[in-house]
Each structure stands twice: as structure tokens, then as C-alpha cells.
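Worksheet for the structure shown next.
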Amino acid sequence: MGQNKKPQEFEIIFYRASDGKEPVKDFLDSLPVKMRAKMLRTIVMLQTNGPLLREPYSKAIGDGIFELRAQVATDITRVLYFFFIGRKIILTNGFIKKTQKTPASEIEKAKVYRANYLAEQETKNDKI
Numbered sequence: 564m565g566q567n568k569k570p571q572e573f574e575i576i577f578y579r580a581s582d583g584k585e586p587v588k589d590f591l592d593s594l595p596v597k598m599r600a601k602m603l604r605t606i607v608m609l610q611t612n613g614p615l616l617r618e619p620y621s622k623a624i625g626d627g628i629f630e631l632r633a634q635v636a637t638d639i640t641r642v643l644y645f646f647f648i649g650r651k652i653i654l655t656n657g658f659i660k661k662t663q664k665t666p667a668s669e670i671e672k673a674k675v676y677r678a679n680y681l682a683e684q685e686t687k688n689d690k691i
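Dropping the structure here:
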């Protein structure tokens, strides 16, 4: 009877492009082992805490796009994501950060992936 019940976690979804590629999975696979492990731990923290996860692990970067942050020594990586209905978190793209500012091209990519995802969800709902 004394089972500890976890609060409901968020569902982590890796965005899948129309060609079947999953940019975040490909990105994670390309990382050195230590960095991959650190980013995976950060993703688990996001799954547990959702929008309550804050800096230094997560930061809103505007227009509903957020970044997950991981650092090993001087290497800095980011994974961009957004929230979706039903406690879902969609991981869109990842990159190695070279400057202080998140590249606009990466933010734009996340927005395009989000628009594609939303359109796909709408199409699924129309078929029901």
C-alpha cells in the first residue's frame, strides 16, 4: 500500500521530420559520451519538472520556444523545444553553442519544426 506515486511526468517527444529524421536524436548521437549523458540527464529533469525547470537548465528564448542547456567544461550544447497540449514537450533541434547568443537560424529552425508539428497534429485531428 505504501507506494510512492510520482507526480504526472511530461511526455518527451522527439520531433520527426517528413523524411523520418529526428534532428535531436541525431544530434545527441553525435555528441561525446559525457556531453550526451549530461544532456540526457537534463532531458529527464525537463520530463519531471516541465515548465517549472528554470535556469541554469532551461530558458525561454521567445515566441514559445525554450532551450535546454548543458555544459561540460567549455563545451556548451543546447536543445530547443516547445510545449504542446496534454503535457507534451516536443524537442525540435540541437546544436553546439559557439557564441553568447543563440543563433537566430537555430531558433527559426525550431519555429519551422513547431509549425510542421502543429500542422501534422491538425491533419491527424481532421481525420478522426
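Counting the sequence shown from 1 gives a position; this note's numbering is that position plus 563.
For every residue, glycine included, the Cβ atom is placed at its ideal position computed from N, Cα and C.
Here the structure is a predicted model, which means the values were calculated and not measured.
Suppose contacts are defined by Cβ-Cβ distances below 8 Å. Is Ile652 in contact with Phe573 by that definition? yes
From Arg650 to Gly657, what does the alpha carbon distance come to, in whole angstroms? 21 Å
Distance, Cα to Cα, Lys568 vs Ile606? Interpretation of Lys568 is limited by its pLDDT of 46, a score under 50 that renders its predicted location unreliable; the figure taken from the coordinates is listed afterwards. A direct Cα-to-Cα measurement between Lys568 and Ile606 gives close to 21 Å.
For my contact list, Leu654 and Val587 are in at a C-beta cut-off of 8 Å; report their separation, rounded to the angstrom. Confirmed, Cβ separation roughly 4 Å.
Rounded separation between Tyr620 and Arg632 - CA only: 5 Å
Under the DSSP definition of a beta bridge, which residues are partnered with Ala580? DSSP lists no partner for Ala580.
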